[in-house]
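First up is the structure itself, then whatever we jot down about it.
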Amino acid sequence: MAVLESAKKEDMELFYWIILGVKRGLELAKKHGCLRVEVLCNSKYAVGVTNGSSAPVLFDCHSLVARILEEIVLMRSEFTSFSINPIPREFNRAADYLAKLGKTIEIESTDFPRELEKLVCEDADAAGYYCNFV
């Protein structure tokens, strides 16, 4: 039972950070005057909950997530076009790279670190890393 509770808490924490990342991305899009927004997320569950096709599972801290989801719904209406779609982590490595920095940062494309620039170009070309399991 302790392992199950721990897993649920970890799942909740991960989901919280994913949803918070979506919200922060929308805030940045609004700040920079973007009217059309496409969010790509490697969590199919987060995509479903954010676009309303899946109901959120009740977690211990559900009110935190519910509040963020409500804010996302309100922000969506501020864009002329909004979509959120799933993408495998392997094809969105630039976002994964930035998420691992563990902080909120804004980087102009002219100031990208060389490693990030390479990932963005590879992701745009749909070049991904595949692991062959033996």
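Numbering-wise (UniProt numbering), the sequence shown opens with residue 1 and increments by one. No residue lacks a Cβ here, since even glycine has one placed at the ideal position from N, Cα and C.
When rounded, the separation of the alpha-carbon atoms in I72 and F112 is 27 Å. The DSSP-derived three-state label of N51 is helix. Proximity to S83 across I18, V22 and H32 peaks at V22, based on C-alpha coordinates. Distance from the Cα of K44 is smallest, within the candidate group I87, R36 and R67, for I87.
For L28, the CB contacts under 8 Å within the same chain, skipping 5 residues up- and downstream, are E106 in chain order. Taking the CA atoms as reference points, E78 sits about 8 Å from L35. L98 and N92 have their alpha carbons spaced roughly 10 Å apart.
CA-to-CA, the gap between C121 and K100 works out to about 19 Å.
Out of K31, K118 and I68, the CA that lies nearest to the CA of A95 is found in K118. Counting along the chain, the unbroken beta strand (DSSP E) around P86 starts and ends at S81 to P86. For C121, the three-state secondary structure derived from DSSP is helix. For R36, DSSP records a beta bridge to S81.
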